[in-house]
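> Before we start, here is the structure in question, set down as structure tokens.
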Amino acid sequence: MMSDETPPRDGTPSSPDKGAATRRRVLALGAVSAGAVVSIRPALAQTAGSVLNCEIPVPDITRSGQYIDASGNVVAPGTKGAFPPPGRPFKGEDVKRALAGAQLPGTTPDSNRAYVAYIRRLQRGQGGFTCFASLQMPRG
Amino acid sequence: MRHALSLRIGPFGFRIGSDWRAPIETLADLYADYPRPELPDYTVRLEALRPWRRWIRPAMAVSGDYMLPDAAPLPLAQALLAAEMGMNLQLALGARRFLLLHASAVERDGRALLMSGESGAGKSTLATLLAARGWRFMGDEFALIEPETGLAWPLPRLISLKNDGVSAAARVWPGARFGPLLHDTPKGTIRHLVPDATAIAAMDEPVQPAVLLFPRFGAAAAVRAVPPGEAFVRLTQASTNYVALGEAGFAALTALIRGVPAYAVDYPDGETAIAQVEALWPEP
Amino acid sequence: MSEPLDAFTAVFHRPSGITHLLVSPAHEILAAMGEDALTVAALHARLAASFDLDAEPGALAARLDELVEAGLVEIL
Amino acid sequence: MAGAVTLARALRDPTALRLDTDWTGLITAARAEQLVGSLAWRLHGLPVPEPVAILLAEARDGAEAARRTALWEAEMARRALAPLGLPVVLLKGTAYVAAGLAAGQGRHIGDLDVLVPRDGLDAVEQALIAAGWEWVKPDPYDDAYYRRWMHELPPLIHRERDRMIDVHHTILPLTARRRPDPDALIAAARPLGNGLAVLSPSDMICHAAAHLFADGDLAGGLRNLWDIHCLVEEFGVDGLEARARHHGLGDPVRRACRHARALFGTAMPQGWGKDDALDRLIRRRLLARDGWGRPTRPVTRFAFYVRSHALRMPPAMLVRHLWIKARRRPASS
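Protein chains in written order, with the numbering used here: chain A, -5 to 134; chain B, 8 to 291; chain C, 2 to 77; chain D, 142 to 474.
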């Protein structure tokens, strides 16, 4: 069943009773590859300050000064094998490139991997989560 | 807040607060000829990132009624850009009385030319060049379409010119007032140009849109008529609040597309673009 | 509310507030369905009454899946 | 200078607002506390200066758009989950608008929150993913902790509509000391007649109070308290105390009602306890907003922020969780 209040029949260009008595139009049901329905989505990236202008603190302010271990956990300062926090939050576009394999500015390959692991684990409500989630946009 | 200023640009009143004096003085100077709002629609705040960052390595967090979380702070020297981004964000996320299009607008014989395109397509520079040729400047960042009437309302904010756009504007606009030169901002080198007196005086005069342009700088000169379908899709992606407006947005956009011819214009330089516009502009 | 543009039809779907752009055969399918609850076969027959169809019901089912994910059609 | 205090007064008795009110401060604080839609409905029809009337009309317009989007998101979730034949209970803002309650009028609505039986969680997860929802985070499976201890699935977002859904199997993190009874919540849920249901009035109030204080840092606290005020005004309190005790939420519910009465004048029996030291601190935190929309009282705010982390993960659990993570060889991520 069609859900309520969807497009009424009027105004549809190809309504059958257009008097095309003799020549009937072919309706290509199978031919459409790209899909016959495109939905308009909010163009968030169009807002003035583009989303990539956001930043991600590692770790967030409530745990500043803590170290980050190789798998991205926040651990006590000086923990063996863990890395000191980077001096400044990372810019959105730097993180986007790092997620695609590049290296975060001012990091070594190992500390870079640790910081990216921390960013991947960000939970909602933690500083930087929204910036990180928006870097996954646009989806699909 | 310690320092504050209210100003009206077109139909929108803003209240801007700052932890520092300098940004408010710069704004007050550049927006001196602008009216004060009876009641501001939106609030923008330029706050120290941390209490001590007012003095030590000052850094400014831009916020307001509507904000994008985790926004990166800006250096104090770029206060003018911060205030501009703050005001844009309030309109982009908060405005409902108008359909907002990322487009510049100029007016001639009572009708508007809208120029839509991503940043870098040259919509600000073109608007400035046309204003220097006698068109009335309406806005360089947002075109406001009133859903009930279809009229385009002016939003003559300071024009933010990037890199070589600054010299182009200075050449054709010798008497213009400029804001400070802002280096290595997120948008490169920027300088703000104050719109001329006629543009500010006419900020409450809406006009009927007559032509919609999709300019693209840098390619060989070419003009192509843009079919309604393509124009519709491009404008839904060039609008910050099309989806939020719901039915009113759909009605406003389809009416605009139905009533206004659209062209894609590639231009290698300003002179060519102006000639192309003159050729496309309908006789009064 | 719908607006026929050249390449497609722009449709504003009130319950969701979402604008969809439909190309053939999507808006013909919606027009043929109206508000009725139909099986795929019944819909295929209804379409066959007005158009020469180029495919069997299976292809129609794929088009319907798209309309279902967009929320324009509901599976009962 | 109007701020959250004036906002609470305006919501409590809008007729008491004088024409020379600091309207800008009031509207700015209302937007910051996500209560501008509710304020706009409370002031509807009252004499206000013309530019204020325009802003309030815009706020009502915005709230209406949010209401439609929320109801559509609930409808699409219903269509995706209907084949499973499981009870699907709407929570928080979406529930208030779906049931047409006063608490839903003009309300700002965030993500869609639904409650489903815990044993149906995997089926719900698969149905939603099949219907176009995706994990917000690219690799949620490494958050075993999240799935094991939290009261919900990791957040999902629909790939076309960009709207998030939180699927709960109870209404408080499993780590929280208090244990509401999810089966009772679902059993007492009231069907809306369209395949979805909402909690019973008493359970709604219990959930709102638990959400208000369980979260700990009281972000959005004023709006949650306004919800509780509207629910109590609409349904009264009979059966509430017994129900709260059943869920082990007696203290948060009494505390929430005390604050609602103090700020919004909610009519309720007197014997719901006197303010204690924590209440005074809570009220300072709830009203910590100035007329510029700035959060004020940073020390109080930070205290609640730290408290929220402690509440979410009791010390014993925290130590055990860290020990497990430390012992496991870190996979080369």
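We put the beta carbon where it would ideally sit given N, CA and C, even for glycine. Keep in mind that this is a model prediction, so the values were computed, not measured.
Applying a beta-carbon distance threshold of less than 7 Å, which residues of chain B neighbour T169 (chain D)?
Going along chain B in sequence order, the residues near T169 (chain D) (Cβ under 7 Å) are T50, D72.
> Between the stretch 120 to 138 of chain B and the stretch 91 to 102 of chain B, do at least 3 Cβ pairs fall closer than 8 Å?
Too few Cβ pairs lie closer than 8 Å, so no.
> Report the option in D:T441, D:E199, D:V177 whose CA atom is closest to the CA atom of D358 (chain D).
The shortest Cα separation from D358 (chain D) among D:T441, D:E199, D:V177 belongs to D:T441.
> When we look at the beta-carbon of D104 (chain A) and count the other beta-carbons within 10 Å, is it buried (16 or more) or exposed?
D104 (chain A) is exposed by the Cβ-count criterion.
> Which word fits D368 (chain D), buried or exposed, when buried means at least 16 other C-beta atoms lie within 10 angstroms of its C-beta?
The residue in question, D368 (chain D), is buried, as its Cβ has 16 or more Cβ neighbours within 10 Å.
> Along the chain, where does the alpha helix (DSSP H) containing H517 (chain D) start, and where does it finish?
Residue coverage of chain D in this structure runs from 142 to 474, which leaves residue 517 (chain D) outside it and unanswerable.
> Does T192 (chain B) come out as helix, strand or coil in the three-state DSSP assignment?
In the structure shown, T192 (chain B) sits in a strand (DSSP, three-state: E or B).
> Only counting the same chain, and skipping five residues up and downstream in sequence, which positions put a Cβ closer than 7 Å to that of L313 (chain D)?
The answer, listed in chain order, is H292, R319, P321, A351, A355.
> For L253 (chain D), which option in D:D417, D:W213, D:D263, D:L227 has the closest C-alpha, if you only look at C-alpha atoms?
Minimum Cα distance to L253 (chain D) is reached at D:W213.
> Pairing CB atoms from the stretch 109 to 116 of chain A with CB atoms from the stretch 49 to 60 of chain A, are three or more of them under 8 Å?
Touching, yes.
> Where A55 (chain B) and Y49 (chain B) are concerned, what is the direct C-alpha to C-alpha distance, given to the nearest angstrom?
Computed Cα separation, rounded: 20 Å.
> Going by Cα to Cα distance, which pick from B:F144, B:R9, B:I63 is closest to I16 (chain B)?
The residue with the shortest Cα to Cα distance from I16 (chain B) is B:F144.
> Nearest chain D C-beta to R91 (chain A) closer than 9 Å, yes or no?
It does not; no Cβ of chain D falls within 9 Å.
> So, for Q229 (chain B): in the same chain, excluding its five sequence neighbours on each side, which residues have a beta-carbon less than 6 Å away from its beta-carbon?
Going by the sequence as given, residue 229 (chain B) is Ala instead of Gln. The answer, listed in chain order, is D273.
> So S65 (chain C) contacts chain A; which residues on that side make the cut at Cβ distance below 7 Å?
Looking at the sequence itself, residue 65 (chain C) is Leu, so the reference to Ser does not match. Within 7 Å Cβ-Cβ: nothing; L65 (chain C) doesn't reach chain A, min ~10 Å.
> In the structure shown, what three-state DSSP assignment does Q97 (chain B) receive?
Helix.
> Kindly list the residues whose CB is nearer than 6 Å to the CB of G245 (chain D), restricted to its own chain and excluding five residues on each side of it in sequence; keep chain order.
Answer for G245 (chain D): Y237, V238, listed in chain order.
> In chain order, what residues of the same chain have a beta carbon less than 8 Å from the beta carbon of A258 (chain B), not counting five sequence neighbours either side?
So the qualifying residues of the chain are P154.
> Give the range of the alpha helix (DSSP H) segment to which R19 (chain A) is assigned.
Here R19 (chain A) belongs to no alpha helix (DSSP H), and DSSP marks it neither H nor E.
> Helix, strand or coil for V265 (chain D), going by three-state DSSP, please let me know.
V265 (chain D) falls in the helix class under three-state DSSP.
> Could you name the residues of the same chain whose beta carbon sits closer than 7 Å to that of A238 (chain B), not counting the 5 residues immediately before and after it, in chain order?
So the qualifying residues of the chain are L219, I264, A269.
> With 7 Å as the limit, tell me which residues of the stretch 237 to 269 of chain B have their beta carbon closer than that to any beta carbon of chain G; keep them in chain order.
No chain G is part of this structure, whose protein chains are labelled A, B, C and D.
> Given this structure, state the Cα-to-Cα distance separating R107 (chain A) from L81 (chain B), to the nearest angstrom.
Taking the straight line joining both Cα atoms gives about 28 Å.
> Since Q215 (chain B) is in the beta strand (DSSP E), which residue starts that stretch and which ends it?
First-last of the beta strand (DSSP E) with Q215 (chain B): 215 to 224.
> Taking beta-carbon pairs under 9 Å, can you tell me which members of the stretch 71 to 92 of chain B lie near chain A?
Flagged, chain order: L75, P76, D77, A78, A79, P80, E91, M92.
> For I23 (chain B), does the count of other Cβ atoms within 10 angstroms reach 16, so buried, or fall short, so exposed?
Buried.
> When burial is assigned at 16 or more other CB atoms within 10 Å of the CB, is A385 (chain D) buried or exposed?
That one is buried.
> By Cβ distance, which residues of its chain are closer than 6 Å to D147 (chain B), with the 5 residues on each side in sequence left out?
Around D147 (chain B): S111, S131, A134, I166.
> If I'm right that T83 (chain A) touches E49 (chain A) with Cβ under 8 Å, what's the distance once you round it to whole angstroms?
In the sequence on display, residue 83 (chain A) carries Pro and not Thr. Between E49 (chain A) and P83 (chain A) the Cβ distance is about 4 Å, and since that is below 8 Å, they are a contact.
> Would a check of beta-carbon distances place T0 (chain A) closer than 9 Å to chain C?
Below a pLDDT of 50, predicted positions are generally treated as unreliable, and T0 (chain A), at 42, falls in that range; no measurement from the model is reported.
> Give a yes or no on whether the minimum CB-CB distance between A157 (chain D) and chain B is below 9 Å.
Not one chain B Cβ lies under 9 Å of A157 (chain D).
> So if DSSP puts E114 (chain B) in a beta bridge, which residue, or which two residues, is it bridged to?
The partner list for E114 (chain B) (beta bridge, DSSP) reads B:A119, B:R143.
> Along chain B, in chain order, which residues have C-beta atoms closer than 8 Å to that of R15 (chain C)?
Those are E254, listed as they occur along chain B.
> Check the Cβ-Cβ distances between L23 (chain A) and every residue of chain C, and say whether any is below 9 Å.
So yes, L23 (chain A) belongs to the interface.
> Can a CB atom of chain D be found closer than 9 Å to the CB of L116 (chain A)?
It does; some Cβ of chain D falls within 9 Å.
> Ignore the nearest five residues each way along the sequence and tell me which others in E275 (chain D)'s own chain have a CB closer than 8 Å to its CB.
Only L297, I298, H299, R300 meet the Cβ criterion.
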